[in-house]
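Note that this note's numbering has the sequence shown beginning at 68, numbered continuously upward. For glycine and all other residues, C-beta sits at the position ideal for the given N, C-alpha and C. Given the structure is predicted, the values throughout are model-derived calculations rather than measurements. What follows is a short report on a single structure.
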Amino acid sequence: MTREEAEALDAADPLRPCRDRFVLPDGLIYLDGNSLGAMPKAALARQRDAVAREWGASLIRSWNDHDWIGAPQRIGARIAPLIGARPHEVIVADSVSVNLFKLLTAALAMSPDRPVLLSERGNFHTDLHVAGGVADIVPGIRLETVAREAIPDALGADTNLLLLTHVHYKSGARFDMASLTARASAAGALTLWDLSHSVGAVPLNLNRDGVQLAVGCGYKYLNGGPGAPAFLYVAEHLQERLLPYLRGWMGHAAPFAFTDDYVPAPGISRFLVGTPPMLSLLALETGVESFEGVDMAAVWTKSVALFDLFAALIDQRCAGHGLECITPRDPEQRGSHISYRHPHAFELCQALIAADVIGDFRAPDVIRFGLTPLYLGFDDIRRAVDRLAAILESGSWRDPKFSVRGKVT
Ligand SMILES: Cc1ncc(COP(=O)(O)O)c(C=O)c1O
Numbered sequence: 068m069t070r071e072e073a074e075a076l077d078a079a080d081p082l083r084p085c086r087d088r089f090v091l092p093d094g095l096i097y098l099d100g101n102s103l104g105a106m107p108k109a110a111l112a113r114q115r116d117a118v119a120r121e122w123g124a125s126l127i128r129s130w131n132d133h134d135w136i137g138a139p140q141r142i143g144a145r146i147a148p149l150i151g152a153r154p155h156e157v158i159v160a161d162s163v164s165v166n167l168f169k170l171l172t173a174a175l176a177m178s179p180d181r182p183v184l185l186s187e188r189g190n191f192h193t194d195l196h197v198a199g200g201v202a203d204i205v206p207g208i209r210l211e212t213v214a215r216e217a218i219p220d221a222l223g224a225d226t227n228l229l230l231l232t233h234v235h236y237k238s239g240a241r242f243d244m245a246s247l248t249a250r251a252s253a254a255g256a257l258t259l260w261d262l263s264h265s266v267g268a269v270p271l272n273l274n275r276d277g278v279q280l281a282v283g284c285g286y287k288y289l290n291g292g293p294g295a296p297a298f299l300y301v302a303e304h305l306q307e308r309l310l311p312y313l314r315g316w317m318g319h320a321a322p323f324a325f326t327d328d329y330v331p332a333p334g335i336s337r338f339l340v341g342t343p344p345m346l347s348l349l350a351l352e353t354g355v356e357s358f359e360g361v362d363m364a365a366v367w368t369k370s371v372a373l374f375d376l377f378a379a380l381i382d383q384r385c386a387g388h389g390l391e392c393i394t395p396r397d398p399e400q401r402g403s404h405i406s407y408r409h410p411h412a413f414e415l416c417q418a419l420i421a422a423d424v425i426g427d428f429r430a431p432d433v434i435r436f437g438l439t440p441l442y443l444g445f446d447d448i449r450r451a452v453d454r455l456a457a458i459l460e461s462g463s464w465r466d467p468k469f470s471v472r473g474k475v476t
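If you want it as structure tokens, here you go:
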């Protein structure tokens, strides 16, 4: 593909104006928005205002005067349309890991006669670590993991809850949410979906698909900033039946009554725990606002086109260099990143970063490229593959400096 052809695709792209909503350093091709989303331009002014005016001048009055206290529900309601949920079914709080703990402990207790917490072998490790810890403390529960293909048949009368990540963090493979949720429901089990690599990337309709529980990440495709709070979703019909075990005052029916007795807040608010990190919440709100006026179907259409271009260019330009695409080519079976296995994935990733193309490495041998339709263009893809092809052809990745590992890889 020539530069002119790629630029023509960018000129015809209905999402092209969204790129101006983000700070994108000159010359950098950022293919890691599935790990840390780009910074919305509006974030700087919003944070300045939040620090100087709301914190600095209004001080504690801001909990009421600037509705800090309502932020977890307000921002949850803004995430709801992106996942096909009702506004009161989503709340922003804590991290994905902590939200998993909160929902798992509450949900597993509903069916004490069903011992199995089922998940995928090779699921994101935080999900498995939290699930393992929960199984250790909830009486009678054991964690079982099976290969992804074996999940439907592993569901049975002993399954309490099915915990799955919708889009796999490494391969990008996507589960069929509707059919697995239905299958689990038919077996009498609840399903909890981790939407960390789906929200803001693929169209979701939790209500239509009968999803009971979900969690998701704020700092990836939602562009909420480093360590942004996460969200959790509980279907309306379950909200009053779930009793949290991680009980904090913010999830109490009357936090400012300061009573010794625990009374859960009505609805989803019972899943709040402690005081929300307000500056981070407001940064997340700016990130969610970067989707304003954007149709998720258009985001997905562009994601598919970016992926197809990336895959085709790698096939053409990098053949014979040992890159093996591990992401399903069928759009229905994938998310919005593309991953390749390579014996020197780490070094390739470092050489690409040195060439101003930022992707990431996932141990032991995967290089991952996030395709974020709001701020990536077709010419970015063309240029990124050009640089990767040059690195492979020249063998420049063999330079020993590219095998030095940092704390974060
Ligand atoms: C699928 C998945 N779940 C959870 C997390 C981490 O969530 P948190 O750091 O908010 O606990 C990640 C982070 O990359 C992830 O990919």
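- In terms of CA proximity to His388, Arg408 leads the group Glu399, His404, Pro398 and Arg408.
- When the five nearest sequence neighbours on each side are left out, the beta carbons in the same chain lying within less than 8 Å of the beta carbon of Leu455 are those of Ile381, Arg384, Cys385, Leu415, Leu419 and Val424, in order along the chain.
- The segment 100 to 115 and the segment 347 to 361 touch, with no fewer than 3 CB-CB distances between them shorter than 8 Å.
- Out of Asp362, Arg435 and Leu91, the CA that lies nearest to the CA of Leu271 is found in Asp362.
- Checking the 6 Å criterion, the Cβ of Thr258 is out of range of every heavy atom belonging to ligand 1.
- Shown here, Trp260 sits in a strand according to DSSP, grouped into three states.
- Here Pro206 is exposed, its C-beta having fewer than 16 other C-beta atoms within 10 Å.
- In the structure shown, the three-state DSSP call for Glu399 is helix.
- For Ala297, the distance from the CB to the nearest heavy atom of ligand 1 is below 6 Å.
- Rounded to the nearest angstrom, the gap between the Cα atoms of Ala75 and Ala138 is 41 Å.
- Contact between Leu184 and Gly426 does not hold, since the beta-carbon distance rounds to 33 Å and is not under 8 Å.
- Between the segment 171 to 179 and the segment 227 to 237 there are three or more inter-stretch CB-CB distances shorter than 8 Å, so the stretches are counted as touching.
- Remark: the shortest separation between the CB of Ser129 and any heavy atom of ligand 1 does not fall under 6 Å.
- Bridge pairing for Val183: Arg209 and Thr226 [DSSP].
- Our two residues, Phe89 and Tyr442, have alpha carbons roughly 7 Å apart in a direct line.
- For Leu82, the closest alpha carbon among the candidates Val452, Ser463 and Thr439 is that of Thr439.
- A distance below 7 Å separates the beta carbons of Gly402 and His264.
- In the DSSP assignment, the residues bridged to Thr232 are Asp261.
- Counting along the chain, Leu299 sits inside no alpha helix (DSSP H); it lies in the beta strand (DSSP E) bounded by residues Ala297 to Val301.
- In this structure the segment 149 to 163 lies against the segment 270 to 287, because at least three pairs of beta carbons, one per stretch, are closer than 8 Å.
- With respect to the C-alpha of Pro398, the residue from Ala221, Leu305, Val371 and Phe445 having the closest C-alpha is Val371.
- Under the Cβ criterion (8 Å, minimum of three pairs), the segment 273 to 288 does not count as touching the segment 317 to 324.
- By the criterion of at least three beta-carbon pairs nearer than 8 Å, the segment 296 to 314 is in contact with the segment 335 to 347.
- When DSSP states are grouped into helix, strand and coil, Ser357 belongs to the coil group.
- At the C-beta level, Arg209 and Ala202 come within 7 Å of one another.
- When Ile96, Trp464 and Gly143 are compared, the shortest CA-CA separation from Glu352 is found for Gly143.
- Boundaries of the alpha helix (DSSP H) harbouring Ser129: Ser129 to Asp132, taken from the DSSP string.
- Residue environment: Gly223 is assigned as exposed (fewer than 16 neighbouring CB atoms within 10 Å of its CB, all protein chains considered).
- By the criterion of a C-beta distance shorter than 6 Å, Asp447 is surrounded in its chain by Ile96, once the five residues flanking it on both sides are discounted.
- Per DSSP, Phe325 lies in no alpha helix (DSSP H) segment and is marked neither H nor E.
- Taking 7 Å as the cut-off, the beta carbon of Asn101 is found closer than this to the beta carbon of Lys287.
- If you look at Phe445, you'll find it in the alpha helix (DSSP H) that goes Phe445 to Ser461.
- Judged by their CB atoms, Leu289 and Gly267 are nearer to each other than the 7 Å cut-off.
- Excluding the 5 residues flanking it on each side, Ser164 has same chain C-beta neighbours closer than 7 Å at Thr193 and Val197, in chain order.
- Setting aside the 5 residues that flank it on each side, Ser125 is surrounded in the same chain by Asp132 and His133, each with a C-beta closer than 7 Å to its C-beta; the list follows chain order.
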